[in-house]
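Okay, so here's the structure we're looking at.
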């Protein structure tokens with residue numbers, strides 16, 4: 016913390032009294048580091064914490080050790096794509112593509128989510144005759160209840 020306070024003091028003295036305004040802070044997830052930055056710069060700065068990409072990837076690699084290799088490679092590729100996004104808009108679009116690709120809900124409406132589940136897992140999207148449809152829906156009800 017003393018080093019950060021000294022950095023702030025030196026900047027102020029060499030810049031003619033201007034305050035050092037921090038917008039981004041990169042650190043690992045250690046609470047002591049975050050607390051030190053908040054105590055020194057948090058008074059008049061609004062900043063965003065960025066985790067060190069090396070530490071993020073090390074933790075992801077650790078968590079993926081029991082995941083099949085093809086899936087692990089896809090997860091790593093998706094993370095690198097997010098890391099290299101040119102803008103926030105590109106990043107947001109890539110996140111949405113990953114969520115959709117993985118089959119996660121893209122709506123918060125539970126009725127739409129359930130309808131999607133029925134189409135994906137039971138009817139497989141084609142139209143069915145009424146008798147077959149009732150059997151598929153009965154199977155769905157049996158599995159979901």
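Residue numbers (the working numbering): 16 to 160.
C-beta: ideal position from N, C-alpha, C; glycine also.
The structure presented is a predicted model; accordingly, all values stated were derived computationally and were not measured.
So residue i and residue j are supposed to be a Cβ contact under 8 Å. How far apart are they, rounded?
i	j	result
residue 90	residue 79	6 Å
residue 43	residue 70	5 Å
residue 65	residue 41	5 Å
Return helix, strand or coil for residue i, following the three-state DSSP convention.
i	result
residue 105	helix
residue 47	helix
residue 13	Residue coverage of the chain in this structure runs from 16 to 160, which leaves residue 13 outside it and unanswerable.
residue 16	coil
residue 116	helix
residue 83	coil
Identify which residue in the options has its Cα closest to the Cα of residue i.
i	options	result
residue 151	138, 158, 160	138
residue 38	19, 76, 63	63
residue 19	87, 45, 50	50
residue 158	142, 110, 140, 136	136
In angstroms with no decimal places, state the Cα-to-Cα distance between residue i and residue j.
i	j	result
residue 154	residue 148	10 Å
residue 81	residue 59	45 Å
residue 32	residue 124	53 Å
residue 34	residue 27	5 Å
residue 127	residue 29	60 Å
residue 102	residue 67	18 Å
residue 168	residue 115	Outside the modelled stretch of the chain, which goes from 16 to 160, sits residue 168, for which no answer is possible.
residue 104	residue 144	44 Å
Kindly provide the ranges of any beta strand (DSSP E) runs that are 3 or more residues long and lie completely inside the stretch 20-66, ordered along the chain.
39-42, 63-66
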